[in-house]
Amino acid sequence: MASDPSSSSTGALALPSPSAKRKRPSKLEIPSVLRELQPDQLRSRDLACRDDAVCFGEPGVAVASFKGKKQLMEDAFKIASSLDGNPSKGFFGVYDGHGGRKAADYVAEHLHENILEKMGNADASSDKEAAIKAGYLKTDREFMTQGLSSGACCVTALIQGQEIAISNLGDCRAVLCRGGVAEALTKDHRADKEDEKQRIEDMGGFVEMHRGSWRVHGILSVSRSIGDAHLKQWVMAEPDTRVLHLTGDMEFLVLASDGLWEEVGNQEAVNIVKRSCLADKATFSSTDLHKDENDEYGCVNVSPSSKLRRILLLKQQKKIKQSPSHRRPLESWKDSENEFFGEIDSPPLKSRRVSLVKRINTKTECLSSQENNGDCNKGFSPVGLIAACKELANLAISRGSLDDITVMVVDLSQFRRDKVI
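Reminder that position 373 of the sequence shown reads as 373 in full-length UniProt numbering, one-by-one numbering, no gaps.
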């Protein structure tokens, strides 16, 4: 008896009829970062500081520091404003560690002290350059006695009277905004630079390609730093220094680690700072903010029409002469509300997330009008400066930076004699 073909356990698979409805494919999950990257449009990340980031701001300066993919955060910074009680004197530094964070921590603690000690009564530009060089070299010597192998690149700005002294080691960079135009004040010290390569070879060392970049002895991509004891014969700690007279067209400085500069151009960084700070002036008037009496630190809420962010202000207290340097493990950042100007939980993500394109349009409108009215000389608010620092860091991250990123903006109008009160 022939068996029913339809009940056989073997044989060809039955093909679905042309009229059969096709099964809906499973939902494709698109990462949130990719959803935000659209043609001709980039949405800014959540404006709140992340758990692996620190933000600090005060009149005239702000900084944002974001941890990359390394196990430990190796960047550090120093803000020392109103040195010796003098509002026209300040020291600002960004330090990019490698091989661990010991060197960056040490530099943040001691470099400014050593420079100020060596400055003494230095008046002439050449005297200041020599004093700063001596301060860097002393810091390097003292760190080397600890027998640690880590190193740190540096960029510092010392503002005294009406002069700015910019110094650097490695690939941290200082960019000046002069009349809206970006001007790099430092030169990167990297092993792929011909003059640095020649210097190393003249001293008996060598530079070779390793993992896609030129490195001193195939190990270190930067050619100057504090620390790096195993390469000290060739990787020196002598900085390049420029001393500039503070003029009315100098608006602000951007000091940052290479995590920013590898992804963001000099002029692009300047444009973002100007737009962000000027938009803050237009958006956040004094009537937009009110203090929540239930928050002992002063919780400042943005007006409902803005819905950009809620800012946690420092507890009202007598202004200290020097702001704290960032040199702490990540675990303690959340507990630092009394030291850092940070942010707290914001409204729902949709209300916080504002497209950069829309913000740029708003900022561009007020840019020309405020500049024409001479508003640039009045200085930027700490809120605007912090927003600018974070916008720059987030832009570098969105473009693929995996490195630690520290961005500091110094408002030079706070130090000029011609500033408008």
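Cβ atoms here follow ideal geometry from the backbone N, Cα and C, with glycine treated the same way.
Is the beta carbon of residue i less than 8 Å from the beta carbon of residue j?
i: phenylalanine 77; j: alanine 108; result: yes
i: glutamate 196; j: arginine 190; result: yes
i: lysine 133; j: threonine 247; result: no
i: threonine 156; j: serine 167; result: yes
i: valine 409; j: leucine 385; result: yes
i: aspartate 105; j: aspartate 75; result: no
i: alanine 131; j: valine 264; result: no
i: glycine 218; j: histidine 210; result: yes
i: phenylalanine 252; j: leucine 412; result: yes
i: aspartate 403; j: glycine 68; result: yes
i: residue 472; j: glycine 151; result: The chain is shown from 1 up to 421; residue 472 falls before or after that span and cannot be answered.
i: serine 225; j: glycine 135; result: no
i: alanine 387; j: phenylalanine 66; result: no
i: serine 88; j: valine 61; result: no
i: lysine 390; j: alanine 174; result: no
i: valine 235; j: valine 254; result: no
i: isoleucine 405; j: leucine 260; result: yes
Quick one: residues in its chain with C-beta nearer than 6 Å to the C-beta of residue i, no 5 flanking neighbours on either side, listed in chain order?
i: arginine 215; result: Ala191, Ser221
i: glycine 179; result: Asp249
i: aspartate 258; result: Asp171
i: glycine 100; result: Ser150
i: leucine 185; result: Ile166, Ala174, Leu176, Arg242
i: arginine 45; result: Because arginine 45 carries a pLDDT of 31, less than 50, the predicted location of this residue cannot be relied on, and the following value inherits that uncertainty. Here the set comprises Asn394.
i: methionine 119; result: Ala131
My output table needs one value for residue i: the three-state DSSP class, helix, strand or coil.
i: histidine 98; result: strand
i: asparagine 168; result: strand
i: serine 276; result: helix
i: methionine 209; result: strand
i: glutamine 267; result: helix
i: threonine 247; result: coil
i: glycine 259; result: helix
i: lysine 350; result: Legend: pLDDT at lysine 350 = 37, less than 50; position of this residue unreliable, no value from coordinates given.
i: glutamate 163; result: strand
i: glycine 85; result: helix
i: lysine 118; result: helix
Once the 5 residues before and after residue i are set aside, which same chain residues still bring their CB inside 8 Å of it?
i: methionine 144; result: Gly227, Ala229, Lys232
i: glutamate 163; result: Ser125, Lys128, Val243, Leu244, His245, Leu246
i: glutamate 194; result: none
If you follow the alpha helix (DSSP H) that residue i is in, where does it begin and where does it stop?
i: tryptophan 214; result: Unbroken run through tryptophan 214 is the beta strand (DSSP E), 213-216; no alpha helix (DSSP H).
i: phenylalanine 56; result: Run containing phenylalanine 56: none in the alpha helix (DSSP H); it sits in the beta strand (DSSP E), 53-58.
i: lysine 197; result: 194-202
i: residue 425; result: Residue 425 lies beyond the stretch modelled for the chain, which goes from 1 to 421, so this question has no answer here.
i: isoleucine 397; result: 382-398
i: glycine 151; result: First-last for glycine 151: 151-160, but that is the beta strand (DSSP E), not the alpha helix (DSSP H).
i: aspartate 127; result: 125-144
With respect to the beta strand (DSSP E) encompassing residue i, which residues constitute its N-terminal and C-terminal limits?
i: isoleucine 219; result: Premise fails: isoleucine 219 is in no beta strand (DSSP E) and is neither H nor E.
i: serine 183; result: Serine is not the amino acid found at residue 183; the sequence shown has glutamate there. Element bounds for glutamate 183: 181-184.
i: serine 65; result: 61-66
Skipping 5 residues on each side, what residues in its chain have a beta carbon closer than 7 Å to that of residue i?
i: arginine 399; result: Glu263
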